[in-house]
Amino acid sequence: MVKYFTAHWQSSPYVLRFLIVATLAFVSTGSVIATDAGQVNLLIFAASSLTNSLSEIEEKFERDNGVELTINYAGSSTLARQIIHGAEADLFISANQDWANAVEQRQAVLQRRDWLGNQLVVITHRDASNPPLRLADLLDPSIQRIAIADPEGVPAGIYAKEILVAKGLWDQLKHKFIFGSDVRHTLAHVENGGADVGFVYSTDELISPDTQISFEIEHASLSPISYPMLLLDRSDSKLYSNLFYDYLRSDAALEVFEKHGFLVKGKS
1 MVKYFTAHWQ SSPYVLRFLI VATLAFVSTG SVIATDAGQV NLLIFAASSL TNSLSEIEEK
61 FERDNGVELT INYAGSSTLA RQIIHGAEAD LFISANQDWA NAVEQRQAVL QRRDWLGNQL
121 VVITHRDASN PPLRLADLLD PSIQRIAIAD PEGVPAGIYA KEILVAKGLW DQLKHKFIFG
181 SDVRHTLAHV ENGGADVGFV YSTDELISPD TQISFEIEHA SLSPISYPML LLDRSDSKLY
241 SNLFYDYLRS DAALEVFEKH GFLVKGKS
């Protein structure tokens with residue numbers, strides 16, 4: 001593993017950083033982390049709305065650094081419960097604060113950063129002839145099925161319920177709801193005609209050729225949509241997980257997230 005990094009350090013500043021940290025670890029402990037096959041595997045648990053952006057980043061990071069990433073995509077609630085009940089993970093990226101807090105209260109967390117944001121939108125199929133223009137339009141009898149992610153645990157569904165309750169529409173619309181297990185499942189309901197409208201993130205709608213944004217939910221109307229990233233204390237891989245944690249905050253990674261529609265914290 002070190003041989004690979006030594007041969008390629010000029011192509012990646014993150015590899016050089018790793019070698020410095022690894023050398024210090026060797027001096028202080030007399031050993032560095034290695035695997036029998038010379039390959040390190042990091043386990044990343046990430047909210048499903050990050051699938052496309054992280055997949056692109058994954059390919060470049062693996063190529064440049066010789067580290068294999070295994071990324072488990074699902075709803076933040078599902079991932080958090082898996083970690084809380086003992087699933088091993090090096091990084092957890094949640095789509096809201098509550099599930100990040102739940103993990104941090106029960107697991108050792110080395111670092112935490114909120115570095116991405118998103119936009120909640122209402123979408124319809126691209127062939128919809130009379131799409132709603134505001135939340136009150138969802139009461140129209142022509143809209144029979146509304147897709148939202150599970151509001152009991154999935155952040156996109158929690159945000160959707162929050163705004164509908166605040167506007168006094170939740171009880172009037174709940175007979176129309178079709179629940180998705182995560183935001184991508186919710187998007188699929190609209191894509192395949194199973195729902196007339198849906199609440200998803202703008203980043204999810206961006207990847208779908210079969211949908212269109214009807215309107216955005218104003219940021220001032222609901223809690224900030226934030227993606228906390230937690231670096232977990234998994235002792236057999238923390239040097240490498242630090243490497244990836246730092247890489248996700250690099251300019252190269254942030255450009256990918258912005259290309260996929262995410263809002264980068266601290267940037268206008």
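Going letter by letter, the sequence shown gives residues 1 to 268 in the numbering used here.
Virtual Cβ for every residue (Gly too), placed ideally from N, Cα, C.
All figures in this text were calculated on a predicted structure; none of them were measured in a lab.
In its chain, beyond the 5 residues on either side, G75, D150 have a beta carbon closer than 7 Å to the beta carbon of S181. The C-beta distance from L187 to I146 rounds to 13 Å, too long to fall under 8 Å, and the pair is not in contact. Sixteen is the threshold: when 16 or more other Cβ atoms of the shown chains lie within 10 Å of the Cβ of E205, as they do, the residue is buried. Taking every protein chain shown into account, the CB of H260 has 16 or more other CB atoms within 10 angstroms, so this residue is buried. Here D233 has Q107, A108, V109, L110 as same chain residues with Cβ atoms under 8 Å from its own Cβ, once five neighbours each way along the sequence are excluded. Straight through space, the alpha carbons of D171 and N52 are spaced by roughly 34 Å. Between the segment 209–217 and the segment 80–96 there are fewer than three inter-stretch CB-CB distances shorter than 8 Å, so the stretches are not counted as touching.
Ranking S55, G157, I225 by CA distance to the CA of A46 puts S55 first. With respect to the C-alpha of L138, the residue from K176, L69, E104 having the closest C-alpha is K176.
By the beta-carbon neighbour count (other beta carbons within 10 angstroms, threshold 16), D251 is exposed.
Fewer than three beta-carbon pairs drawn from the segment 227–246 and the segment 120–131 are found closer than 8 Å, and the two stretches are therefore not classed as touching. Judged by DSSP in its simplified three-state form, I213 adopts strand. For D114, DSSP records a beta bridge to P228. The beta carbons of D114 and S226 sit closer together than 8 Å.
For R249, the closest alpha carbon among the candidates A100, V67, L263 is that of L263. Within the DSSP bridge table, the entry for N41 names E68 as partners. DSSP places V154 in no alpha helix (DSSP H); its state is neither H nor E.
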